[in-house]
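Trainee: Here it is, the structure, as structure tokens.
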Amino acid sequence: MDVDVVVLGTGLSESITAAALSKAGFSVAHVDANPYYGGDEASLTLDELAAWADSHCTSSDAASPYTRSQRAKFTSISCSSSSLAQSRQYSLSLAPTIIPSAGPLIDALIASGVSRYGGFKLLEKVAIYDGPGSVKAVPGSKEDVFKSKELSLVDKRRLMRFLMFASGDFETTKEIEGKAEIPFVEFLKDAFSLDHRSANAIAYALAFCISPSDPTLPALHRIKQYLRSTGRYGPSPFLVGHYGGLGEIAQGFCRTAAVNGTTYILGRQIASLERPKSDSVDERLKFKIELEDLPEQLTCCLIVASPDYLPSQYLPGTTEARPDDQSTTHSAHAVARCVAIIDQPISFLESQATAIDHSAGENPYVEENESSHAATDIDTALLVFPPGSLPEGSATVSVNVLVAGESSMSTPRGKWALYVSMPLLDNSNRSAEELLRPYLAATLALTVQHSATTIQPLFTLFYVQHADPSSESRPDTSPVIVAPTSSRRLPENADSATIQAEGMFWKAIRMLKASGRRPLQQRGEEESGIEDEVDVDSFWPPLDVVDDPSDDW
Numbered sequence: 001m002d003v004d005v006v007v008l009g010t011g012l013s014e015s016i017t018a019a020a021l022s023k024a025g026f027s028v029a030h031v032d033a034n035p036y037y038g039g040d041e042a043s044l045t046l047d048e049l050a051a052w053a054d055s056h057c058t059s060s061d062a063a064s065p066y067t068r069s070q071r072a073k074f075t076s077i078s079c080s081s082s083s084l085a086q087s088r089q090y091s092l093s094l095a096p097t098i099i100p101s102a103g104p105l106i107d108a109l110i111a112s113g114v115s116r117y118g119g120f121k122l123l124e125k126v127a128i129y130d131g132p133g134s135v136k137a138v139p140g141s142k143e144d145v146f147k148s149k150e151l152s153l154v155d156k157r158r159l160m161r162f163l164m165f166a167s168g169d170f171e172t173t174k175e176i177e178g179k180a181e182i183p184f185v186e187f188l189k190d191a192f193s194l195d196h197r198s199a200n201a202i203a204y205a206l207a208f209c210i211s212p213s214d215p216t217l218p219a220l221h222r223i224k225q226y227l228r229s230t231g232r233y234g235p236s237p238f239l240v241g242h243y244g245g246l247g248e249i250a251q252g253f254c255r256t257a258a259v260n261g262t263t264y265i266l267g268r269q270i271a272s273l274e275r276p277k278s279d280s281v282d283e284r285l286k287f288k289i290e291l292e293d294l295p296e297q298l299t300c301c302l303i304v305a306s307p308d309y310l311p312s313q314y315l316p317g318t319t320e321a322r323p324d325d326q327s328t329t330h331s332a333h334a335v336a337r338c339v340a341i342i343d344q345p346i347s348f349l350e351s352q353a354t355a356i357d358h359s360a361g362e363n364p365y366v367e368e369n370e371s372s373h374a375a376t377d378i379d380t381a382l383l384v385f386p387p388g389s390l391p392e393g394s395a396t397v398s399v400n401v402l403v404a405g406e407s408s409m410s411t412p413r414g415k416w417a418l419y420v421s422m423p424l425l426d427n428s429n430r431s432a433e434e435l436l437r438p439y440l441a442a443t444l445a446l447t448v449q450h451s452a453t454t455i456q457p458l459f460t461l462f463y464v465q466h467a468d469p470s471s472e473s474r475p476d477t478s479p480v481i482v483a484p485t486s487s488r489r490l491p492e493n494a495d496s497a498t499i500q501a502e503g504m505f506w507k508a509i510r511m512l513k514a515s516g517r518r519p520l521q522q523r524g525e526e527e528s529g530i531e532d533e534v535d536v537d538s539f540w541p542p543l544d545v546v547d548d549p550s551d552d553w
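And the structure:
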């Protein structure tokens, strides 16, 4: 089967690229070695997640290059052996994230029409750990600051001044002059006289800084985006994707690609890959790809791929399409992760009088002395541990715990998933479980039904996800486009992958144009002797308008 492009891997960035290329009129074959969509961002049932952990622990000399690459990427895996009832009703993410309500991914979902295939829930709360058994609400808007009962008038004025500053055009202001690269926490204290607790809350739970050394300007860009996201779909700036989030979204883009003619082949390893002898895209020089247990050979002049599918002995010296975007600037680093299932709800009891609830509408307060558990139980929320929050935890990086319950379509009724993530900025000999157990225990201490014995999770999985190796720079004429590593920052992952996908899309368009390939709708014109240029002028073409029968009434 001959196609214009073969896409290897169904991660979010590859899936967006495949959908965009197919909607632009090019023929695409989309291949994944796994029997499911999503790649490293997949949403899996509980049994699938346990099988994923087992497959990444088992060593075999006969393993495929993709499998060997995956085992090098995911290490320090420990999984509880307990099996739970209703295991197929779980949809657990390998890449948990929260999605800003205004950003590249939401724009792409709307422009492509993929939004019709998925659903979202507003993130109810963001809180910062404030000692054993208690948390502190994070003021995420001017309304939160104004209504808070725990802030003094002086603190309110200072926070309001900062939020007004962060939501405006701050790049040329005197406050940031000469301070763009200083640590953000230091900037908050010096420029706005915020105390240590307020500065920590802003830096780690609003700007999502990773460490005390994170620079000021990128942090301000993140806050500006999140402030502008507030109010688009509700009082919270963040959305949580249904059915595990990014894996389900990636599948939605694959569905759109399939509707537009993309051929999908899942669960097949690459048996052989023969690259052209030339290092440029040429209609006459094609890749030849053979898949296991599939007699038909794939041929193409351009490959878009996750790095796991491209061992150096096959495709040395590939190039990455990196976007030039300040808001997603990041250095690649490993992340220690934990997925835990619990059967008791988490309660964010405030260390002070009032808890700010983003989902409460006209009554956004929950008083600590109210006896109703329903007022304090949470279903989707984010808990942030700043550096040094726990004596046995990290003193240099922040740790996030995302709570996802039944309303996120991730778990059955009465169960909650806890996603713990910790960036690893330096080498550590400690296992993922050793690093994350203290944070999991501190989170479990927030369960509603306190007892003499600490609640135990029903299921746990710990692992370390390493960054993809960087690729050697190559000319723009390279016939292989490698998907770069997306940002690992919790609210940046989805938008970063979308920006990467757009970069890969435009590079693919340039390469296809150089090779003489045309969109399918133009090939008939070419055969008729009409020599038009390839006319692709937008990432997503306008959606077809379907008349609504109700318009006639």
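Take 1 as the starting number for the sequence shown in full-length UniProt numbering and just add one per residue.
C-beta: ideal position from N, C-alpha, C; glycine also.
Using 8 Å as the cut-off, can you tell me whether the region 228 to 244 makes contact with the region 111 to 125, which would need three or more C-beta pairs spanning the two stretches below that distance?
Mentor: Result yes; three or more Cβ-Cβ pairs closer than 8 Å.
Trainee: If we call anything under 8 Å between Cβ atoms a contact, is tyrosine 204 one with proline 386?
Mentor: A contact, by the Cβ cut-off of 8 Å.
Trainee: Output needed for arginine 228: all residues of its chain with C-beta closer than 6 Å, excluding positions within five of it in sequence on either side, in chain order.
Mentor: Excluding residues within five positions, the ones whose Cβ falls inside 6 Å are Ala102.
Trainee: Pick helix, strand or coil for phenylalanine 348, following the three-state DSSP scheme.
Mentor: Of the three classes helix, strand and coil, the one that applies to phenylalanine 348 here is coil, per DSSP.
Trainee: Could you compute how far the alpha carbon of arginine 413 sits from the alpha carbon of tyrosine 90?
Mentor: Rounded to the nearest angstrom, the two C-alpha atoms are 10 Å apart.
Trainee: For methionine 409 and serine 80, I'd like the C-alpha separation in whole angstroms.
Mentor: Methionine 409 and serine 80: Cα-Cα distance of roughly 23 Å.
Trainee: Rounded to a whole number of angstroms, what is the C-alpha to C-alpha distance between proline 457 and valine 384?
Mentor: Those two C-alpha atoms are separated by around 20 Å.
Trainee: Please state the DSSP three-state secondary structure of cysteine 300.
Mentor: Strand.
Trainee: So, valine 339 versus alanine 417, is the Cβ gap smaller than 8 Å?
Mentor: Against a cut-off of 8 Å, the Cβ pair of alanine 417 and valine 339 comes out as a contact.
Trainee: Does DSSP put isoleucine 99 in a helix, a strand or coil?
Mentor: Three-state DSSP puts isoleucine 99 in a strand.
Trainee: With distance defined between alpha-carbon atoms, name the residue in Ala53, Asp47, Phe287 nearest to proline 479.
Mentor: Residue Phe287 is the option with its Cα nearest to proline 479.
Trainee: Work out the CA separation of asparagine 493 and methionine 1 for me, nearest whole Å.
Mentor: Going from the Cα of methionine 1 to the Cα of asparagine 493 covers about 34 Å.
Trainee: Along the alpha helix (DSSP H) that carries aspartate 32, what are the first and last residues, could you check?
Mentor: Aspartate 32 -> not in any alpha helix (DSSP H); beta strand (DSSP E) instead, spanning 28 to 32.
Trainee: Do you know offhand how far leucine 195's Cα is from lysine 189's?
Mentor: Before going further, note that residue 195 is aspartate rather than leucine in the sequence given. Their backbone Cα atoms lie some 6 Å apart in a straight line.
Trainee: For chain D, check one thing: does any of its Cβ atoms lie closer than 8 Å to the Cβ of arginine 510?
Mentor: Absent from the structure is chain D; it holds one protein chain and no more.
Trainee: Quick one: what does DSSP say asparagine 493 is sitting in, helix, strand or coil?
Mentor: Three-state result, asparagine 493: helix.
Trainee: Contact check, residue 564 vs serine 306 under 8 Å by CB: the rounded distance?
Mentor: Nothing about residue 564 can be reported from this structure: the residues present for the chain run from 1 to 553 only.
Trainee: Just the C-alpha distance for leucine 490 and leucine 291, rounded to the nearest angstrom, thanks.
Mentor: Computed Cα separation, rounded: 35 Å.
Trainee: Apart from the five residues just before and just after glutamate 531, which ones in its own chain have a Cβ nearer than 6 Å to its Cβ?
Mentor: Because glutamate 531 sits at a pLDDT of 49, beneath the cut-off of 50, its placement in the model cannot be relied upon, and the following sentence gives the value as read from the coordinates. Around glutamate 531: no qualifying Cβ.
Trainee: Would you mind sorting proline 237 into buried or exposed? The rule is 16 or more other CB atoms within 10 Å of its CB.
Mentor: The residue in question, proline 237, is buried, as its Cβ has 16 or more Cβ neighbours within 10 Å.
Trainee: Give the single residue among Leu105, Pro519, Val126, Ser152 whose Cα lies nearest to the Cα of glycine 140.
Mentor: Of the candidates Leu105, Pro519, Val126, Ser152, the one whose C-alpha sits nearest the C-alpha of glycine 140 is Val126.
Trainee: If we count the other Cβ atoms within 10 Å of its Cβ and call it buried at 16 or more, is alanine 18 buried or exposed?
Mentor: Buried is the call here.
Trainee: The alpha helix (DSSP H) with cysteine 254 in it runs from where to where?
Mentor: Per DSSP, cysteine 254 belongs to the alpha helix (DSSP H) from 246 to 259.
Trainee: With DSSP as the reference, label alanine 404 as helix, strand or coil.
Mentor: The answer is strand: DSSP assigns alanine 404 an E or B state.
Trainee: Span of the beta strand (DSSP E) holding tyrosine 463?
Mentor: Its beta strand (DSSP E) spans residues 459 to 465.
Trainee: Restricting to Cα atoms, I'd like to know which of Gln70, Thr299, Leu424 is closest to alanine 29.
Mentor: The shortest C-alpha separation from alanine 29 is found at Thr299.
Trainee: Cβ of glycine 388 within 8 Å of Cβ of alanine 381?
Mentor: The answer is no: Cβ separation not under 8 Å.
Trainee: Where does arginine 337 sit, in a helix, a strand or coil, going by DSSP?
Mentor: It is a strand residue.
Trainee: Determine whether the beta carbon atoms of glycine 39 and aspartate 47 lie at a separation below 8 Å.
Mentor: Result no, Cβ atoms of glycine 39 and aspartate 47 do not sit closer than 8 Å.
Trainee: Leucine 435: buried (16+ other C-beta within 10 angstroms of its C-beta) or exposed?
Mentor: Buried, because 16 or more other Cβ atoms sit within 10 Å of the Cβ of leucine 435.
Trainee: Have a look at alanine 180 and tyrosine 233 and give me their C-alpha separation to the nearest angstrom.
Mentor: Roughly 31 Å separates the two Cα atoms.
Trainee: Is the distance from the Cβ of leucine 49 to the Cβ of leucine 302 below 8 Å?
Mentor: Contact: no.
Trainee: Taking Cβ to Cβ, would you say valine 464 is nearer than 8 Å to leucine 424?
Mentor: Yes; because the gap between Cβ atoms is below 8 Å, this pair is in contact.
Trainee: Quick one: residues in its chain with C-beta nearer than 8 Å to the C-beta of histidine 330, no 5 flanking neighbours on either side, listed in chain order?
Mentor: Unreliable positioning characterises histidine 330 in this predicted model, as indicated by a pLDDT of 42, which lies under 50. The coordinate reading is nonetheless provided below. Excluding positions up to five away in sequence, the list reads Ser487, Arg488, Arg489, Glu492, Ser496.
Trainee: Looking only at DSSP bridge pairs, what is alanine 274 linked to?
Mentor: Rather than alanine, the amino acid found at residue 274 in this sequence is glutamate. In DSSP, glutamate 274 forms a bridge with Lys288.
Trainee: Is the beta carbon of valine 145 sitting closer than 8 Å to the one on methionine 160?
Mentor: Yes, these two residues count as a Cβ contact at 8 Å.
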